[in-house]
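Shown next, in structure tokens, is the structure this report addresses.
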Amino acid sequence: MVAEFINTYGVTILYAVLTGVFGWIGLQIKRLAEKYINTKEKQAVCKTVVAAVNQLYYELDGPAKLQKAIVSASEMLAAKGITVTDLELRMLLEAAVNAAKGEGNAKIADAI
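Okay, so the sequence shown: first residue is 10 according to the numbering used here, each after it adds one.
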């Protein structure tokens, strides 16, 4: 009776289990890909915002520029459907500022 059940439904059960396993693996891969893409997008937005804020609001001091950058980056990321915490956004912006300063220093060093 058990052998008959396995012969009758074994392949169907195996297909169902494999479909579930591969579906789960696909979702995990999708989640990792979205995380990677979102991180790259966040970094690109922050780099753009830092350059733009520095260009547009050059007369403001550091904290005021940071506030402008936070508001701008938040709006741009929200428009793309990407959520970001305040702390993460602040760290990304600071990293973009540091990278921009590093590029400027490298250009100066190359000119000398």
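In this text, a Cβ means the ideal position worked out from N, Cα and C, and glycines have one as well.
May I have the straight-line CA-CA distance separating residue i from residue j, to the nearest angstrom?
| i | j | result |
| --- | --- | --- |
| D95 | K51 | 13 Å |
| Y45 | T17 | 44 Å |
| G29 | K39 | 15 Å |
| A118 | K110 | Low per-residue confidence applies at A118: pLDDT is 39, beneath 50, and the placement is therefore not dependable, though the value from the model is reported in the following sentence. Those two C-alpha atoms are separated by around 12 Å. |
| L98 | V106 | 12 Å |
| V80 | L41 | 27 Å |
| A60 | L102 | 10 Å |
In the DSSP assignment, the alpha helix (DSSP H) including residue i goes from what residue to what residue?
| i | result |
| --- | --- |
| Y18 | 11-65 |
| K77 | 71-88 |
Can residue i and residue j be called in contact, C-beta distance under 8 Å?
| i | j | result |
| --- | --- | --- |
| V54 | A82 | yes |
| K77 | Y66 | yes |
| V62 | M85 | no |
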